[in-house]
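Mapping of the sequence shown onto numbering that gives the first Met the number 0: residues 0 to 194, in sequence order.
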Amino acid sequence: MKKAKNRTASTVATMLVIALAILSFYFYWSYRTKPLEETSPENMTEIQKLLNKDLNQNYPETAREVTKLFGNMMKNLYDNNSDEEIEALALKIRELYDEEFLVANPEDSYLQNLYSDIASWKEANRRISNYNLVDSDMVEEQELEGVKYTVIYLAFTIQENGKFTETWKMMLRQDKEKKWKILGWQVVPSDTQTN
Numbered sequence: 000m001k002k003a004k005n006r007t008a009s010t011v012a013t014m015l016v017i018a019l020a021i022l023s024f025y026f027y028w029s030y031r032t033k034p035l036e037e038t039s040p041e042n043m044t045e046i047q048k049l050l051n052k053d054l055n056q057n058y059p060e061t062a063r064e065v066t067k068l069f070g071n072m073m074k075n076l077y078d079n080n081s082d083e084e085i086e087a088l089a090l091k092i093r094e095l096y097d098e099e100f101l102v103a104n105p106e107d108s109y110l111q112n113l114y115s116d117i118a119s120w121k122e123a124n125r126r127i128s129n130y131n132l133v134d135s136d137m138v139e140e141q142e143l144e145g146v147k148y149t150v151i152y153l154a155f156t157i158q159e160n161g162k163f164t165e166t167w168k169m170m171l172r173q174d175k176e177k178k179w180k181i182l183g184w185q186v187v188p189s190d191t192q193t194n
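So this is what it looks like as structure tokens:
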């Protein structure tokens with residue numbers, strides 16, 4: 000009788016240990032895979048995708064691709080984000096800028112001007128609803144002293160009391176590593192826009 004009680008007690012103890020091990024493994028596996036699901040590309044916001052883009056390893060190969068990425072970043076930058084997201088994306092955009100442009104626009108003043116601009120956009124209930132590159136035959140390319148330059152037109156569709164288009168003349172220069180960097184831009188007056 001004593002042996003039967005001991006066997007029953009040891010069986011219950013063994014089953015309890017196995018059940019605890021299974022539960023522990025289940026909870027470990029459940030919580031371990033959730034962060035992976037949350038950061039999978041399907042579950043990421045567009046800003047998260049842009050922020051996770053490794054421009055050191057996967058820099059856009061052409062001036063058009065750089066301009067297109069810039070347009071996407073600008074569209075998302077002006078779209079009701081937290082200050083942390085704005086700053087992170089603004090710093091990511093700076094990776095597309097030419098060294099000369101970065102020197103002329105120090106990070107602190109760049110961020111201060113950007114926050115001010117975004118605040119005025121919010122106040123005016125203004126946002127970028129779309130962007131696109133203007134016809135490829137509008138691209139202007141030239142080479143000066145062995146350095147390649149190009150001009151690409153980028154059109155933003157902006158919503159503010161209706162829709163209107165604002166076209167930017169983007170100036171890019173190829174750096175020593177053959178990467179196209181944004182040298183600057185200017186807004187094309189609406190009476191001469193190319194769209």
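Ideal Cβ positions, reconstructed from N, Cα and C, are used throughout, including at glycine.
This one's a predicted model, so the numbers in the text were calculated from it and none came from an experiment.
- Take GLU140, set aside five residues on each side of it, and the residues of its chain with a beta-carbon closer than 6 Å to its own are THR149, in chain order.
- Contact between ILE117 and ILE92 is absent: CB atoms are separated by about 13 Å, not below the 8 Å threshold.
- Annotated as proximal: ILE181 and LEU95, with beta-carbon spacing under 9 Å.
- Within a 10 Å sphere around the beta-carbon of GLY161 sit fewer than 16 other beta-carbons, which makes this residue exposed.
- Counting every other CB atom within 10 Å of its CB across the protein chains shown gives ALA154 a total of 16 or more, marking it as buried.
- The C-alpha of TRP28 lies about 10 Å from the C-alpha of ILE21.
- Distances from the CA of ALA89 to each of GLU99, ASN75, ASP97 were compared; the closest alpha carbon is that of ASN75.
- When DSSP states are grouped into helix, strand and coil, TYR109 belongs to the helix group.
- By the Cβ-count criterion, GLY145 is exposed, with fewer than 16 other Cβ atoms from all chains shown falling within 10 Å of its own Cβ.
- A distance below 8 Å between beta-carbons, with the five flanking residues on each side excluded, links TYR109 to the following residues of its chain, in chain order: ALA89, ARG93.
- The Cβ atoms of TRP179 and VAL65 sit closer than 9 Å to each other.
- Membership of ASN131 in the beta strand (DSSP E) is indicated by the continuous run 126 to 132.
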